[in-house]
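Trainee: Taking my numbering, the leading residue of the sequence shown gets 19, the next gets one more, and so forth.
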Amino acid sequence: MTMRFLSGLALALLFLGAPAFAQDKTQFIFAWPLGEESLKPRGATTRGAPVTLDNAPSEAWMRLRESRIPPIERDRRAILAMAGPYRVSFDFLEVVRFDPALKQDAPYQSWGTEYVFVAEDRPDLIALQHILAMRVVQADGKVSEPVVVRHWRQEWRHQADRLLAYQGMNTWAPREVPAAERGGAWVQSVYQVDDSPRYAARGRWEHSEGMSTWISEETWRPLPRREFSVRKDYDVLVGTNRHTITAAGWVQEENNLKLAMADSRYVAREYGVARYERIKDHDFSAAQRYFTRTEPFWAEVRAAWAEIAAKRFTLRAQPDQAQLFVPFFEYAAKLDEGAAFDRDEARAFIRRTLQERYLAP
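Dropping the structure here:
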């Protein structure tokens, strides 16, 4: 196992579900009201190498703004515009505490560099794979070699007849989308780093002169790493997403209620903003190599998950919380290092791992 993979695995264990670089400043403009003690934002601690933003309108943006495009094609172009090289920053803040006695929660900040690949592009399905490629400023001031970590995946299906809904307690079940609600809608399904399911939601794209945006319905989702590593007082995020395409990138906004299932009680509401700012002159070749060499393996992982997700199922634990993904990461790392891909061997390994490590008895 190479040092690059060990470093990547360590970063994945620490920062799974969020970029891995700390902000250079601890300032947080959107914060708790005056009179309350200021809390230093929590988040990652490593420092990333500087990047160069590309503020020129992208080709994808120009194509999205063309006139006389069929509605479904404009929607597709908006989704495809999310692909590319980015600096992504995460900011989360609890804006409402429903229990006055609830301890004040520190805001969350971090950032990283990531390439969003177009993994599939069909008339009614687009899949985008996010892969982090991070260069860390070391103690001696030198910049490290890129550390590649497979990040989240999003799939967009046009007028889907069903979606996979999170039920809480590490359980998911298929849910039919009523026929009357499918017209013009897109279901976005979000998957974790090992292609295990996270959440799915339905919504419609809206296009105006200077903006294209998609707003989801309310959906349940498991706690992300930034939360379950520090919070034990709630079980489910109940939230909505907004994706907005801009000339120089895109923005994902979240509005999340924090639900304690035991007594059906909301403990707080948080707002989150992930800004994907396009960058230039950044070497993503290591991410490209990883994507090319490992995608056949991950396609088999997704095929196995598709069989499982055809009916209700429960996991032993959250894949990131219990580090269930480690065997899959190790297998993919060997392919990234040049090992030959044997489809039959991979299928057997994947199904064995899912049954023995992931699925609850």
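For glycine and all other residues, C-beta sits at the position ideal for the given N, C-alpha and C.
The structure presented is a predicted model; accordingly, all values stated were derived computationally and were not measured.
#1: Is the region 174–188 touching the region 314–322, taking contact as three or more C-beta pairs under 8 Å?
#2: Using a Cβ-Cβ cutoff of less than 6 Å, which residues in the same chain neighbour residue 238 once the five nearest sequence positions on both sides are dropped?
#3: Identify which residue in 82, 357, 325, 354 has its Cα closest to the Cα of residue 372.
#4: Would you check if the distance between the CB atom of residue 240 and the CB atom of residue 336 is smaller than 7 Å?
#5: By how many angstroms is the C-alpha of residue 230 removed from the C-alpha of residue 94?
#6: In terms of residue numbering, what span does the beta strand (DSSP E) encompassing residue 342 cover?
#7: Using 7 Å as the threshold, is the C-beta distance between residue 343 and residue 151 below it?
#8: Could you have a look at residue 335 and say whether DSSP puts it in helix, strand or coil?
#9: In the DSSP assignment, find the beta strand (DSSP E) that holds residue 325 and state where it starts and stops.
#10: State yes or no: is the C-beta of residue 133 within less than 7 Å of the C-beta of residue 103?
#11: Output needed for residue 112: all residues of its chain with C-beta closer than 6 Å, excluding positions within five of it in sequence on either side, in chain order.
#12: Identify whether residue 222 lies in helix, strand or coil by the three-state DSSP scheme.
#13: For the alpha helix (DSSP H) containing residue 178, list its first residue and its last residue.
#14: Does DSSP classify residue 108 as helix, strand or coil?
#15: Does DSSP put residue 266 in a helix, in a strand, or in coil?
#16: Nearest CA to the CA of residue 221: which residue from 233, 210, 375?
#17: Can you give the Cα-Cα distance for residue 258 and residue 235, rounded to whole angstroms?
#18: Give the C-beta separation of residue 268 and residue 284 to the nearest angstrom, bearing in mind that I take them to be a contact with Cβ-Cβ under 8 Å.
#19: Among 99, 84, 291, 329, which one has its Cα closest to the Cα of residue 110?
#20: Whose C-beta lies closer than 6 Å to the C-beta of residue 263 among residues of the same chain, with five residues either side of it excluded?
#21: Going by the CB atoms, is the gap between residue 72 and residue 297 shorter than 7 Å?
#22: For residue 234, verify whether its CB is less than 6 Å away from any heavy atom of the ligand ZN.
#23: Quick one: Cα of residue 202 to Cα of residue 82, how far?
#24: Span of the alpha helix (DSSP H) holding residue 143?
#25: With residue 90 as the anchor, note down where its alpha helix (DSSP H) starts and where it stops.
#26: Going by DSSP, what residues sit across from residue 261 in a beta bridge?
#27: Where does residue 57 sit, in a helix, a strand or coil, going by DSSP?
#28: Going by C-alpha distance, which of 227, 320, 225 is nearest residue 210?
#29: Considering only DSSP beta bridges, list what residue 201 is partnered with.
#30: Helix, strand or coil for residue 185 per DSSP?
#31: What is the rounded straight-line gap between the Cα of residue 164 and the Cα of residue 66?
#32: Starting from residue 292, trace the beta strand (DSSP E) in both directions and tell me its first and last residue.
#33: With 16 as the cutoff for other CB atoms within 10 Å, does residue 159 come out buried or exposed?
Mentor: Result, derived from the coordinates:
#1: no
#2: In the same chain as residue 238, and ignoring 5 residues on each side of it, the C-beta atoms closer than 6 Å to its own belong to 184, 254, 256, in chain order.
#3: 325
#4: For residue 240 and residue 336, yes; Cβs fall inside 7 Å.
#5: 11 Å
#6: Looking at the DSSP string, residue 342 is not in any beta strand (DSSP E), and its letter there is neither H nor E.
#7: no
#8: coil
#9: Segment 303–326 is the alpha helix (DSSP H) holding residue 325; no beta strand (DSSP E) there.
#10: yes
#11: 123, 286, 288
#12: strand
#13: No alpha helix (DSSP H) contains residue 178, which DSSP labels as neither H nor E.
#14: strand
#15: coil
#16: 233
#17: 6 Å
#18: Wrong, their Cβ atoms sit about 29 Å apart, outside the cutoff.
#19: 291
#20: 96, 99, 230
#21: yes
#22: Of ligands this structure carries none, so the ligand ZN is not represented either.
#23: Each residue's alpha carbon lies about 17 Å from the other.
#24: Element bounds for residue 143: not the alpha helix (DSSP H) but the beta strand (DSSP E), 143–152.
#25: 89–98
#26: BP columns for residue 261 point to 232, 270.
#27: coil
#28: 320
#29: DSSP output for residue 201 lists no bridge partner at all.
#30: strand
#31: C-alpha separation (whole angstroms): 11 Å.
#32: From DSSP, the beta strand (DSSP E) with residue 292 extends over 283–298.
#33: With fewer than 16 other Cβ atoms within 10 Å, it is exposed.
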